[in-house]
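Working notes for the structure below.
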Amino acid sequence: MKRIFIMAGLIAVLSACNGSEKDATSSENPFFTEYSTPFGVPPFDKIKIEHYKPAFLKGMEEQKQEIETILNQRSTPDFENTIVALDRSGHLLKKVSSVFYGLNSAHTSEEMQALSKELAPLLSKHRDDIKLNPRLFARVKEIYNRQKEFRLDKEQTALLEETYKEFVRGGADLAPEKQEKLRAINSEIALLQLTFGQNMLKETNAFQLVLEKQEDLAGLPVSLITTAAESAKAAGKEGKWMFTLHNPSIMPFLQFSERRDLREKMLEAYLNRGNNENEADNKEVVKKLVALRLQKAQLMGYNNYAAFVLEDRMARNEANVYQLLDQIWKPALRKAKEEAADLQAAMKKDGIKGKLQSWDWRYYNEKVMKAKFDIDENQLRPYFKLENVREGMFYVANRLYGITFTELKDIPKPHEEAIAFECKEIDGTHLGVLYMDYFPRAGKRGGVWCSTYRSQTYKDSVRVAPVVTIVCNFTKPSGDVPALLSPDEASTLFHEFGHALHNLFKDVRYSGVSGVPRDFVELPSQLMEHWVFEPEVLNVYAKHYQTGDTMPKELIEKLRESGKYGQGFATAERIQASMLDMAYHVIKEIPADFDIIKFEESVIKRLGALSQIPPRYRTTYFNHTMGGGYTAGYYSYMWAEVLDADSYQAFIETGNIFDSETAAKFRKYVLTPGGIEDAMVMYTNFRGAEPGVEPLLKNRGLN
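Under numbering that gives the first Met the number 0, the first residue of the sequence shown is numbered 0, with each subsequent residue one higher.
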């Protein structure tokens with residue numbers, strides 16, 4: 000994330016209540032005073048909807064004044080009075096943005112969605128006013144050209160170079176008329192990305208499969224049936240069962256429902272979100288977005304948007320992205336075809352005629368797993384009680400880094416369901432606060448993510464600890480049964496915890512060097528996944544929620560043996576989404592009759608993909624790329640997996656998966672320095688050499 004320019008890119012929605020735009024300067028507005036809360040966390044219980052807009056407006060005005068102070072000083076431009084001053088500017092704006100754009104994804108309302116749309120063009124203009132200020136850029140450029148005079152250390156040099164690069168990539172070198180065009184494009188992109196995400200949330204919440212007959216529930220686990228009954232009751236449909244498009248509902252339904260027609264209905268609704276010719280349809284939004292991104296890239300002197308984006312990432316160019324994806328696609332497709340043959344045979348054994356379909360895959364994959372390995376998800380879930388999984392990941396972090404997590408009771412929380420923990424170093428030093436918010440609700444966007452309500456920084460040479468949050472959409476408790484995670488959900492929790500550790504361990508003096516390239520950011524998260532099913536770790540946390548017994552050795556062995564089965568499907572759907580994302584952003588010309596659905600179909604057809612495996616995200620609900628964040632960057636998960644598979648090999652080579660020396664090196668060279676060095680340099684500092692793709696293929700069972 001980039002220091003002063005992040006606000007307009009973090010567009011989303013928030014919770015809650017009605018109110019007028021008042022208290023623009025009143026001390027009643029929590030954003031206008033220092034937080035007096037434990038560890039300085041945001042006073043979530045005091046913040047109201049009417050506090051946001053005045054804080055945003057004042058925050059922008061304050062930063063404008065800070066910029067003017069930089070410009071009007073008489074002293075010669077130098078690193079401290081310009082680059083550092085710019086990095087420190089916008090404190091109030093960062094303060095309100097981190098809360099607003101953190102909460103809005105987790106607990107939205109119509110009022111907040113409207114405010115988000117109102118703020119989007121204002122923040123876009125504010126960002127451009129800074130990046131396109133000719134006097135400010137002249138100072139930055141002068142310092143950049145004279146940098147040898149300042150005898151800067153490594154972090155200061157990185158800040159100067161990053162600042163200069165942001166101005167150039169923000170259009171500072173463009174002619175005035177082109178800058179005006181860029182402003183208009185940026186503003187429209189910001190609003191369209193916001194609209195895309197809001198439409199996706201509406202579409203996910205809109206669909207309900209309500210069942211009235213017991214026989215319609217055939218094959219479904221008792222826990223899922225209980226949850227569906229509770230959902231129906233909450234929706235005023237007591238005595239029925241309601242299933243939704245939120246992952247904890249639809250995914251187990253597709254895995255276990257014996258009703259093929261209902262599986263088809265659920266999956267078709269899921270795959271067609273944003274493609275229903277209604278007010279939340281995203282096709283025109285995507286069409287405009289892709290065209291505007293191309294215009295922006297060409298205005299900046301690039302052939303396409305991917306070229307513009309990738310220049311600033313580890314991959315550097317589209318050729319390197321496609322080289323990686325092609326290396327993985329071929330063995331993934333071969334493995335997926337083998338899996339499809341297994342599932343087709345199982346279907347035939349069931350007496351089902353015809354070809355395997357996409358809505359059959361998860362159901363028959365579960366059956367084949369049972370037949371091949373004598374294991375299914377229902378055997379495993381009782382051992383993955385959410386709280387136990389959480390303690391398992393805390394255990395891993397403690398073994399690796401010596402840190403501890405202690406629950407905090409009397410502390411403001413972003414939502415009543417959230418839980419807070421204090422993280423401490425081995426010597427008891429406060430490292431940061433971690434919030435965890437586990438379950439889906441109508442106002443929470445789909446997926447799982449990690450972000451911060453305050454990033455690590457320094458104030459008066461004293462480290463300001465981060466406030467981190469992990470937000471999930473996991474299976475809820477139902478009746479007397481606690482929240483029991485699937486193995487995939489357990490792995491996902493470890494994944495997000497890896498992001499949290501990255502935020503907690505970061506230690507940089509300047510906000511402008513706190514971020515890492517998008518295709519490097521998934522390394523810490525994906526590395527953490529390697530420990531989740533290690534027998535030594537399972538023996539610590541995988542305890543049956545009723546008996547307290549640890550997972551039997553034979554079940555652990557079955558879990559290990561079956562772990563690579565289904566990787567053809569999992570890898571193929573991710574590669575397809577990565578290819579789809581890239582395809583939209585390597586376009587050099589948008590045809591007048593550009594049809595989003597036909598374009599998507601052509602991309603998948605060129606790949607030779609199986610019809611039974613749709614992309615992990617189809618265009619009209621592909622928020623990673625169309626909502627911003629992973630635009631021309633969804634490949635990053637596979638790119639980072641090359642790094643994480645090789646990184647874990649470093650632990651394996653020591654003979655100890657908790658080797659403290661290896662963990663210390665990973666923390667020092669990867670987790671701590673932010674973006675002070677080139678990402679590949681950071682990696683080779685840790686590992687000693689650049690990675691190859693073989694550990695990834697081995698890890699996924701594709702070699």
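Ideal Cβ positions, reconstructed from N, Cα and C, are used throughout, including at glycine.
Just so you know, the alpha carbons of threonine 226 and isoleucine 249 end up roughly 12 angstroms apart. With contacts defined by Cβ atoms closer than 9 angstroms, leucine 324 and methionine 625 do not form a contacting pair. Its Cα nearest to that of asparagine 28, the residue Lys47 stands out among Val40, Lys47 and Ser35.
If only complete runs of 4 or more residues are kept, the stretch 585-628 shows the alpha helix (DSSP H) at 595-606 and 622-625, in order along the chain. Residues Phe657 of the same chain have their beta carbon placed closer than 8 angstroms to that of arginine 398, with the five preceding and five following residues left out of the count.
For isoleucine 142, the closest alpha carbon among the candidates Ile129, Thr162 and His125 is that of Thr162. Taking 3 residues as the shortest admissible run, the stretch 199-226 contains the following complete beta strand (DSSP E) segments, listed from N- to C-terminal end: 208-210.
The beta carbon of lysine 45 lies closer than 8 angstroms to those of Pro29 and Pro411 in the same chain, with the five residues before and after it left out. With a minimum length of 4 residues, there is no unbroken run of alpha helix (DSSP H) contained wholly in the stretch 396-423. Taking the CA atoms as reference points, proline 330 sits about 16 angstroms from glutamate 640. Glutamate 176 and glutamine 294 have their C-alpha atoms some 14 angstroms from each other.
In terms of Cβ geometry, leucine 670 and proline 523 form a close pair [threshold 9 angstroms]. Look at serine 450 here: in three-state DSSP terms it is strand. Rounded to the nearest angstrom, the Cβ distance from threonine 194 to arginine 272 is 14 angstroms, too far for a contact under 8 angstroms.
In this chain, arginine 259 is not harboured by any beta strand (DSSP E); it is covered by the alpha helix (DSSP H) spanning 259-270. Collapsing the DSSP output to three states places isoleucine 469 in a strand. In this structure, the CA atom of lysine 239 is about 10 angstroms from the CA atom of isoleucine 224. The Cβ atoms of lysine 264 and leucine 208 sit closer than 9 angstroms to each other. Note that the stretch 527-538 does not touch the stretch 457-464; fewer than 3 beta-carbon pairs, one per stretch, sit closer than 8 angstroms. Just measuring C-alpha positions, the residue of Leu270, Ala157, Arg508 and Ile589 sitting nearest valine 289 is Ile589. Taking 8 angstroms as the upper bound for CB-CB distance, tyrosine 400 and alanine 662 are in contact here, some 6 angstroms apart. For the pair of segments examined, the stretch 53-65 was found to touch the stretch 84-93: the number of CB pairs separated by less than 8 angstroms reaches three.
In this structure alanine 482 is buried. Its beta-carbon is surrounded by 16 or more other beta-carbon atoms within 10 angstroms. For histidine 429, the three-state secondary structure derived from DSSP is strand.
With a cut-off of 8 angstroms on Cβ pairs, the stretch 641-657 is not in contact with the stretch 384-393, counting fewer than three such pairs. Contact between the stretch 664-683 and the stretch 510-525 is present, with at least three C-beta pairs closer than 8 angstroms. Under the three-state reduction of DSSP, threonine 68 is assigned to helix. Arginine 559: member of the alpha helix (DSSP H) spanning 552-561, first to last residue. Apart from the 5 residues on each side of it in sequence, glycine 632 sits with its Cβ closer than 6 angstroms to the Cβ of Arg517 in its chain, given in chain order.
Secondary structure at valine 320: helix, using DSSP grouped into helix, strand and coil.
Separation of the CB atoms of alanine 105 and lysine 201 is rounded to 17 angstroms, and the pair is thereby denied contact status at 8 angstroms.
Methionine 241 has Val209 as its beta-bridge partners, per DSSP.
Linking glutamate 310 to arginine 168 through their CA atoms gives a straight-line distance of about 10 angstroms.
For glutamate 693, the closest of Trp638, Pro37, Gly446 and Pro53 by C-alpha to C-alpha distance is Trp638. In this structure, histidine 543 keeps its C-beta atom at 9 angstroms or more from the C-beta atom of proline 413. At a Cβ-Cβ threshold of 9 angstroms, threonine 630 and asparagine 281 do not count as neighbours.
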